[in-house]
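Colleague: Which chain is which? The protein sequence lines are A and B, in order. Sequential numbering from 589 applies to the first sequence in my numbering. Sequential numbering from 589 applies to the second sequence in my numbering. Here it is, the structure in full.
2 protein chains.
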Amino acid sequence: MSTIAFIGTGVMGAAMASRLLDAGHALIVHNRTRAKAEALLARGAAWADSPREAADGADVAITIVGFPRDVEETYLGVRGILAADSPPPIVIDMTTSSPDLARRIAELAAERSIRALDAPVSGGDVGAREGTLSIMVGGDEGALEEVRPILERLGKRITHLGPAGSGQHTKMVNQILIASTMVGVCEGLLYARKAGLDPMRVIEAVGGGAAGSWTINNLGPRMVKRNFDPGFYVEHFLKDMRIALEEARRMNLPVPGLAQAEQLYLAVAAQGHARLGTHALLLALERLAGM
Amino acid sequence: MSTIAFIGTGVMGAAMASRLLDAGHALIVHNRTRAKAEALLARGAAWADSPREAADGADVAITIVGFPRDVEETYLGVRGILAADSPPPIVIDMTTSSPDLARRIAELAAERSIRALDAPVSGGDVGAREGTLSIMVGGDEGALEEVRPILERLGKRITHLGPAGSGQHTKMVNQILIASTMVGVCEGLLYARKAGLDPMRVIEAVGGGAAGSWTINNLGPRMVKRNFDPGFYVEHFLKDMRIALEEARRMNLPVPGLAQAEQLYLAVAAQGHARLGTHALLLALERLAGM
Chain A
589 MSTIAFIGTG VMGAAMASRL LDAGHALIVH NRTRAKAEAL LARGAAWADS PREAADGADV
649 AITIVGFPRD VEETYLGVRG ILAADSPPPI VIDMTTSSPD LARRIAELAA ERSIRALDAP
709 VSGGDVGARE GTLSIMVGGD EGALEEVRPI LERLGKRITH LGPAGSGQHT KMVNQILIAS
769 TMVGVCEGLL YARKAGLDPM RVIEAVGGGA AGSWTINNLG PRMVKRNFDP GFYVEHFLKD
829 MRIALEEARR MNLPVPGLAQ AEQLYLAVAA QGHARLGTHA LLLALERLAG M
Chain B
589 MSTIAFIGTG VMGAAMASRL LDAGHALIVH NRTRAKAEAL LARGAAWADS PREAADGADV
649 AITIVGFPRD VEETYLGVRG ILAADSPPPI VIDMTTSSPD LARRIAELAA ERSIRALDAP
709 VSGGDVGARE GTLSIMVGGD EGALEEVRPI LERLGKRITH LGPAGSGQHT KMVNQILIAS
769 TMVGVCEGLL YARKAGLDPM RVIEAVGGGA AGSWTINNLG PRMVKRNFDP GFYVEHFLKD
829 MRIALEEARR MNLPVPGLAQ AEQLYLAVAA QGHARLGTHA LLLALERLAG M
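Here's what the structure looks like:
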């Protein structure tokens, strides 16, 4: 069993850390808001006042925080992991964050002989609790093999995609796919309603064929029932789309569908729905249509 | 067994008519270009010089032609089905066409005591050959039950969606879903390539989760292999999107995702790819990106 520094105990992180405790690992946790780590501390995790202290002497560090600026501070800040006296030989950032930042962290980590993996996930809070996340990994493949037993407690599909940043890039592809698919699903369901169709019958009629998607088959019925509980928060999806847009811009790649989706999601947030699930896009398109 | 007037023996129609011959039905066929009906005639189908003549005395008429104006002429023209001396009691238009026109045909048909069904399909030429189409039906439910044994030779999932026009409306929902999903898939795969990722690995990593769709899992690999053979022609998809946009406009429903997808597909056609498959959208987005 390993000693794991675990930074970031939000909804996702707390569920993942809990699974690692169950597996018998020793955890040293840090979170900006300590209260969110109390349940883990009560179960035997140790507390550290900073990422640097948490990481000092650990076998591996796992981070899942909020925004790229939080990732940057967690790794590169004065109280960050790379500033530890005796940092872990492998660090894993599971935040959905900037591919560019992932490469920069990997380079700076290498200067201290640390191998850094970027390993964002998909599968949401349910996947985090049940250990069924998809984990998209960039960075040194040998390092991945060393920590694979740990990651296997957290996810079922663990894919190595290439050098540092490749995990984040793959997650961006994931979000690009979801963004436009969601636009289509919302427009399709609104069209169905306007046309006087029974939207559930329509989902049954089209969801199994060429128009089928995880989104229409899983979130479509929730939209029909007007259950907009998150799944995945609008505000986090907005962050992800902004990163993808920025990277695409940097690569000179026009992404008109993603750009339009992001604008529509800005409307969702502007209408006060940033803490609903991503399928609340329906509400913004309804308002656009005066419905 | 029934006597079926079958109008329209293009790729889809010929395959469907062939299955009805196999089932033992008597077919009277008409097509604008007679040459495309010859294979059916050689197998025992009778020829008629117009939809009116084909329909005269038949038990049922099935039509699958090109554009809404062709549907209109086939039903409402001077040599159309409704002008037959002894028209069939049930007529079924399986063209993807205008919901508004479907309602108009149903009304005019009712004046002659004919029940008209709109029953567009999805599943492409493979589905037509194998009898595995999805059939989305609008119109009188009793009429559908009477012809269901015939339709069961053509499709596996036959869903009644509501009154006349509802089949076409449901097909429009289907196309609205596909349009934006395809934009997302193309942008995602181009992003993957620009980022130096292996696109096939990316499809494997993300296609089974929340970003999954029929499009990414079936057409994604074809795009990667640069096989743009149709499936479904760009020019036909353009027709369908135009109908959907027109109907949405009529219903005061803004559909920004669909509108943008149609504009991008106009570019595909402008670049000379109207007779490639719908996934040739990738080529237009590549050119947009100077790739």
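No residue lacks a Cβ here, since even glycine has one placed at the ideal position from N, Cα and C.
Could you compute how far the alpha carbon of Arg-814 (chain B) sits from the alpha carbon of Val-653 (chain B)?
Modeller: In a straight line, the C-alpha of Arg-814 (chain B) is about 30 Å away from that of Val-653 (chain B).
Colleague: For Ala-690 (chain B) and Arg-736 (chain B), what's the separation of their Cα atoms in angstroms?
Modeller: Computed Cα separation, rounded: 19 Å.
Colleague: Listed from N- to C-terminal order along the chain, which residues in the segment 848–860 of chain A have their beta-carbon within a distance smaller than 9 Å of any beta-carbon of chain B?
Modeller: Residues Gln-848, Ala-849, Gln-851 and Leu-852.
Colleague: So what's Asp-828 (chain B) in DSSP terms, helix, strand or just coil?
Modeller: Here Asp-828 (chain B) sits in helix by DSSP.
Colleague: Is the Cβ of Lys-827 (chain A) closer than 8 Å to any Cβ of chain B?
Modeller: It does not: the Cβ of Lys-827 (chain A) has no partner Cβ on chain B nearer than 8 Å.
Colleague: Pick out whichever of A:Leu-629, A:Ala-603, A:Pro-751 and A:Thr-866 has its Cα sitting closest to the Cα of Asp-728 (chain A).
Modeller: The shortest Cα separation from Asp-728 (chain A) among A:Leu-629, A:Ala-603, A:Pro-751 and A:Thr-866 belongs to A:Pro-751.
Colleague: Tell me the DSSP secondary structure of Met-744 (chain B) in three-state form.
Modeller: Met is not the amino acid found at residue 744 (chain B); the sequence shown has Lys there. If DSSP states are grouped into helix, strand and coil, Lys-744 (chain B) belongs with the strands.
Colleague: Determine, for Met-839 (chain A), whether the minimum Cβ-Cβ distance to residues of chain B falls below 8 Å.
Modeller: Chain B contact via Cβ: present.
Colleague: Taking the beta carbon of Gln-848 (chain A) as the centre, do at least 16 other beta carbons fall within 10 Å, making it buried, or is it exposed?
Modeller: Buried, because 16 or more other Cβ atoms sit within 10 Å of the Cβ of Gln-848 (chain A).
Colleague: Should Ile-831 (chain A) be flagged as near chain B, meaning a C-beta pair shorter than 8 Å?
Modeller: Cβ-Cβ to chain B under 8 Å: no for Ile-831 (chain A).
Colleague: Determine the DSSP secondary structure at Arg-631 (chain B), reduced to helix, strand or coil.
Modeller: DSSP places Arg-631 (chain B) in coil when its eight states are reduced to three.
Colleague: Report back the beta-carbon spacing between Ala-862 (chain A) and Val-822 (chain A) to the nearest angstrom; my notes put them in contact at under 8 Å.
Modeller: Yes, they are in contact, since the Cβ atoms of Ala-862 (chain A) and Val-822 (chain A) sit about 5 Å apart, within 8 Å.
Colleague: Using the Cα positions of Gly-711 (chain B) and Leu-608 (chain A), report the straight-line distance between them to the nearest angstrom.
Modeller: In a straight line, the C-alpha of Gly-711 (chain B) is about 46 Å away from that of Leu-608 (chain A).
Colleague: Given that a residue counts as buried once 16 or more other Cβ atoms are within 10 Å of its Cβ, and exposed if not, what is Ala-636 (chain B)?
Modeller: Counting Cβ neighbours within 10 Å, Ala-636 (chain B) comes out buried, since at least 16 surround it.
Colleague: Do Asn-762 (chain B) and Val-812 (chain A) come within 8 Å of each other at the CB atom, strictly closer than that value?
Modeller: Not a contact, by the Cβ cut-off of 8 Å.
Colleague: Spatial neighbours of Leu-871 (chain B) within its chain, please: C-beta separation below 8 Å, excluding the five flanking residues on both sides.
Modeller: Answer for Leu-871 (chain B): Phe-816, Val-856, Gln-859, His-861 and Leu-864, listed in chain order.
Colleague: According to DSSP, what are the bridge partners of Ser-710 (chain A)?
Modeller: Answer by DSSP bridge pairing, in chain order: A:Ser-722.
Colleague: Going by beta-carbon coordinates alone, are Ala-646 (chain B) and Thr-591 (chain B) separated by less than 8 Å?
Modeller: Going by C-beta atoms, Ala-646 (chain B) is nearer than 8 Å to Thr-591 (chain B).
Colleague: When you compare the segment 765–773 of chain A with the segment 756–775 of chain B, are there three or more beta-carbon pairs, one atom per stretch, that lie closer than 8 Å?
Modeller: Touching, yes.
Colleague: Alpha carbon to alpha carbon, how far is His-618 (chain B) from Gly-808 (chain A)?
Modeller: Distance between the alpha carbons of His-618 (chain B) and Gly-808 (chain A) is about 41 Å.
Colleague: Counting only beta-carbon separations shorter than 8 Å, does Ser-686 (chain B) have a partner in chain A?
Modeller: So no, Ser-686 (chain B) is outside the interface.
Colleague: Report the residues of the segment 764–780 of chain A with a CB closer than 9 Å to any CB of chain B, ordered along the chain.
Modeller: Cβ contacts with chain B come from Ile-764, Leu-765, Ile-766, Ala-767, Ser-768, Thr-769, Met-770, Val-771, Gly-772, Val-773, Cys-774, Glu-775, Gly-776, Leu-777, Leu-778, Tyr-779 and Ala-780.
Colleague: State yes or no: is the C-beta of Arg-789 (chain B) within less than 8 Å of the C-beta of Thr-651 (chain A)?
Modeller: No, they are not a contact pair.
Colleague: Using a cut-off of 7 Å between C-beta atoms, extract the partners of Lys-813 (chain B) located in chain A.
Modeller: Neighbours of Lys-813 (chain B) on chain A: none; closest Cβ ~18 Å, over 7 Å.
Colleague: Between the Cα of Leu-664 (chain B) and those of B:Leu-628, B:Ala-634, B:Ile-702 and B:Arg-631, spot the shortest distance and give me the residue it belongs to.
Modeller: Minimum Cα distance to Leu-664 (chain B) is reached at B:Ile-702.
Colleague: Using the beta-carbon count (16 or more within 10 Å), is Asp-681 (chain B) buried or exposed?
Modeller: So Asp-681 (chain B) ends up on the buried side.
Colleague: State the Cα-Cα distance for the pair Gly-715 (chain A) and Leu-841 (chain B), rounded to the nearest angstrom.
Modeller: Each residue's alpha carbon lies about 36 Å from the other.
Colleague: Can you tell which of B:Val-659, B:Met-829 and B:Ala-593 has its C-alpha closest to the C-alpha of Thr-866 (chain B)?
Modeller: When only C-alpha atoms are compared, the closest one is B:Met-829.
Colleague: Could you tell me which of A:Ile-804, A:Thr-597, A:Tyr-853 and A:Thr-803 sits nearest to Lys-827 (chain A), measuring between CA atoms?
Modeller: Among A:Ile-804, A:Thr-597, A:Tyr-853 and A:Thr-803, the Cα nearest to that of Lys-827 (chain A) belongs to A:Tyr-853.
Colleague: In chain B, what lies closer than 8 Å to Val-599 (chain A) by C-beta?
Modeller: Correct list: empty, because the minimum Cβ distance to chain B is about 16 Å.
Colleague: Who are Ala-716 (chain B)'s beta bridge partners in DSSP?
Modeller: DSSP output for Ala-716 (chain B) lists no bridge partner at all.
Colleague: Could you name the residues of the same chain whose beta carbon sits closer than 8 Å to that of Val-599 (chain B), not counting the 5 residues immediately before and after it, in chain order?
Modeller: These residues qualify, in order along the chain: Asp-713 and Ala-716.
Colleague: Let's test the definition: count the other Cβ atoms within 10 Å of the Cβ of Glu-740 (chain B) and tell me whether it reaches 16, buried, or not, exposed.
Modeller: Looking at its Cβ environment, which holds fewer than 16 other Cβ atoms inside 10 Å, Glu-740 (chain B) is exposed.
Colleague: Straight-line CA distance for Gly-878 (chain B) to Gly-776 (chain B)?
Modeller: Whole-angstrom Cα-Cα distance: 16 Å.
Colleague: With a CB to CB cut of under 7 Å and the five nearest residues on each side skipped, what residues in its chain are close to Arg-667 (chain B)?
Modeller: Closer than 7 Å at the Cβ level, and outside the excluded window around Arg-667 (chain B), lie Ser-638, Pro-639 and Arg-640.
Colleague: Counting contacts by CB-CB distance shorter than 8 Å, is Arg-736 (chain B) in contact with chain A?
Modeller: For Arg-736 (chain B), the answer is no, since every Cβ of chain A falls outside 8 Å of its Cβ.
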